[in-house]
Amino acid sequence: MAETEKDILRGGQFLVKETNCEDIFTPEDFSEEQQMMKDSVIEFNDREIIPNKPRFEAKDYALTEEVMRKAGDMGFLSVAVPEAYGGMGMGFVSTVLTCDYISSGTGSFSTAFGAHTGIGTMPITLYGTEEQKQKYVPKLASGEWFGAYCLTEPGAGSDANSGKTTAELSADGKTYKINGQKMWISNAGFCNLMIVFARIEDDKNITGFIVEYDKNNPNGITLGEEEHKLGIRASSTRQVFFNDTEVPVENMLAGRGEGFKIAMNALNVGRIKLAAACLDSQRRITTTAVQYANERKQFKTPIADFGAIKIKLAEMATNTYVGESATYRASKNIEDRIALRVEAGNSHQEAELKGVEEYAIECSILKVAVSEDVQNCADEGIQIFGGMGFSEETPMEAAWRDARIARIYEGTNEINRMLSVGMLVKKAMKGHVDLLGPAMKVQEELMGIPSFDTQDYTELFSEEKEMIAKLKKTFLMVAGAAVQKFGPDLEQHQQLLVAAADILIEIYMAESAILRTEKNAKRFGEESQSAQIAMSKLYLYHAVETIEKKGKESIISFAEGDEQRMMLMGLKRFTKYQNYPDIVDLRNEIAEKIKEENKYCF
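Using the numbering used here, the first residue of the sequence shown is number 746, and each one after it goes up by one.
Here you go:
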């Protein structure tokens, strides 16, 4: 049955509409084709990347380029590229899946792969003319050419539209001359093509250009030395200098002044793919940690049997499971939205652009949540290894260093936190998400007398789903009051936006895990999902704690007197369990499961 517009929640609507577990996609729903792709990617990672980890850590840039070519030969660079341009033309979920399982061998390859397939290729497939796509995309899809993305400048990082690089039209109107400096450019050392953003005259917005790069005929392009970085050491990262670099006018990407739009939409896709790129790293870190903990004995006991280690193993597994749940949920929403637009007559370009843009809020949520989880996972991995974790002889310290960049690129987590709430408020103002109605209902509820009826919570997740509904009310209460008080000036109050974003993030992540587990419990039986149920409950408990803290911080910072007292009472009501979960018991169950399996096994 074809999906209909009303069946698919719009971006941000998870906050105000209930989602049935049957309506979400989970990793257990992979098709046979997707499962084959997953197996193929894992096999490639195990063969070409993981055995060569020491070479990547020793800054072997040539190896990164060589493995990228092999990935091209396997078709992995072309998964998202339409068949018309030499690609596989697979759906968005398959694109995310490939990115997920290919990225865990080393952050160096993961960065090169992500920069090429995402921001290096995608702007042309989504914004290029037919001639541009025919000329460049097949070379990029096969790995004959590699792409780089030149946006960041010394004075233009988070404020991407403030770049100083210029593009000046020649007297004969046939070429643009580009002058300026770009920095932190991934793949710069071995790319053949750059997506370059520059400003024409005094335009308000930057413009995108496709710039070919040939080392033997550099056309005014010079590269800085390779940057010495904390992690992703064999990822080529250089400054790029343009000195009267000539670019044919037909190589302008989209229209004049549309570069900022290209940059922002490319980043939306980049964010969900970055979240995916952190997932298998967490699986592998957790597996490596539990295997070590099962082998390492202290006081004549495997350290995996100690409660202090069980806490770590359980939390690492839980965050991994939750990140998977939310990432694949959003990926399928995007895929379905793209399919709808294609059915409605949109071109592939338009459908994909609008499909991803629709879920920009979820993309920012995932980028923040999963990038922070992978860092915590690696940090706990080092701790489980103890002194050995700090040594280059074990894989944990490299995992920790590589994970650190994930909170910075594709927009810092601070920017993404503010974006997620800002975009939601804008959607509400445009009428795409009705926040006002539900927020008014929450205000009315606060004025009324709470129900003291005893609920029947015998059905799986009945209390947890009620908690999720109450947490959504918390967001509506806090964010609604803040919008009322500050209006358009809310974006000036960054500390409140960050707190509201943390509430929003926890709601989406916790709900995604609960819905995945509920769906699987219904089809595979509750007994088979015992540890997954424990993980879903454990994550929700932490989410409630975070939301209570962030809610209180916000309320006491912008509300006073009776309003403050009423909102604090509401917060207490909305974050109160009837039956608290036994946290120690939940952690023990999760840890025992992965101990027994000797790996991350969900």
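For glycine and all other residues, C-beta sits at the position ideal for the given N, C-alpha and C.
For residue i, which three-state DSSP category applies?
i, result
"residue 751", "Confidence in residue 751 is poor, its pLDDT being 44 and thus under 50, which makes the residue's placement unreliable; the coordinate value appears in the next sentence. Residue 751: helix per DSSP, three-state reduction."
"residue 1233", "helix"
"residue 1305", "coil"
"residue 960", "coil"
"residue 968", "strand"
"residue 936", "coil"
"residue 878", "helix"
"residue 1027", "helix"
"residue 1215", "helix"
"residue 927", "strand"
"residue 1346", "coil"
"residue 993", "strand"
"residue 901", "strand"
"residue 910", "coil"
"residue 1323", "coil"
"residue 1096", "helix"
"residue 851", "coil"
"residue 746", "With a pLDDT of 37 at residue 746, under the threshold of 50, the modelled position of that residue is not reliable, and the figure given next carries that caveat. In the structure shown, residue 746 sits in coil (DSSP, three-state: anything other than H, G, I, E or B)."
"residue 922", "strand"
Would the beta-carbon of residue i fall within 8 Å of that of residue j?
i, j, result
"residue 1205", "residue 1271", "yes"
"residue 1059", "residue 1335", "yes"
"residue 1333", "residue 1042", "no"
"residue 909", "residue 851", "no"
"residue 1093", "residue 868", "no"
"residue 1003", "residue 965", "no"
"residue 1178", "residue 1023", "no"
"residue 1161", "residue 1105", "no"
"residue 983", "residue 802", "no"
"residue 1111", "residue 1017", "yes"
"residue 1222", "residue 1315", "yes"
"residue 1244", "residue 1293", "no"
"residue 1319", "residue 1203", "no"
"residue 708", "residue 837", "Nothing can be reported for residue 708, as the shown portion of the chain is limited to 746 through 1347."
"residue 996", "residue 1098", "no"
"residue 1229", "residue 1163", "no"
"residue 1005", "residue 923", "no"
"residue 1261", "residue 771", "yes"
"residue 877", "residue 794", "no"
Could you check if residue i is buried or exposed, using at least 16 other CB atoms within 10 Å of its CB as the buried criterion?
i, result
"residue 892", "buried"
"residue 1325", "exposed"
"residue 750", "Model confidence at residue 750 stands at a pLDDT of 45, short of 50, so the residue's coordinates are unreliable; what they give is reported in the following sentence. Counting Cβ neighbours within 10 Å, residue 750 comes out exposed, since fewer than 16 surround it."
"residue 916", "exposed"
"residue 918", "exposed"
"residue 975", "exposed"
"residue 1136", "exposed"
"residue 973", "exposed"
"residue 792", "exposed"
"residue 848", "buried"
"residue 788", "exposed"
"residue 949", "exposed"
"residue 747", "Any reading at residue 747 must be qualified, since the residue scores a pLDDT of 43, below 50, and its modelled position is unreliable; no value is offered."
"residue 931", "buried"
"residue 994", "exposed"
"residue 1340", "buried"
"residue 1086", "buried"
"residue 1089", "exposed"
Thinking C-alpha only, which one of the options is nearest residue i?
i, options, result
"residue 1065", "1078, 1028 and 834", "1028"
"residue 818", "1083, 889, 839 and 1306", "889"
"residue 1328", "1292, 865, 1345 and 1276", "1276"
"residue 1113", "1231, 1285, 1303 and 1249", "1249"
"residue 970", "1266, 1238, 1057 and 806", "806"
"residue 811", "841, 838, 858 and 837", "858"
"residue 980", "1025, 861 and 1076", "861"
"residue 1020", "1254, 1284, 937 and 1181", "1254"
"residue 813", "829, 1167, 835 and 854", "854"
"residue 832", "879, 842 and 938", "879"
"residue 829", "1130, 913, 886 and 1127", "886"
"residue 1286", "785, 1144, 985 and 1331", "1331"
"residue 1296", "1216, 959, 1278 and 1121", "1216"
"residue 1313", "1188, 1346 and 1213", "1188"
"residue 1278", "1235, 1288 and 1266", "1266"
Can you find a C-beta in chain B that's less than 8 Å from the C-beta of residue i?
i, result
"residue 1255", "Chain labels in this structure do not include chain B; a single protein chain is all it has."
Task: Continuous alpha helix (DSSP H) assignments of at least 4 residues falling wholly in the segment 761–839 - done: 777–789, 798–802 and 806–818
Task: Unbroken stretches of the alpha helix (DSSP H), 4 residues or longer, contained in the segment 1123–1207 - done: The segment 1123–1207 contains these whole alpha helix (DSSP H) runs: 1141–1149, 1158–1175 and 1181–1192.
TODO: Note down, one range per segment and in chain order, each alpha helix (DSSP H) of at least 4 residues found wholly within the segment 1232–1277.
DONE: 1239–1269
- [ ] Return the chain-ordered ranges of every alpha helix (DSSP H) run that is complete within the segment 1003–1082 and spans a minimum of 4 residues.
- [x] 1004–1040
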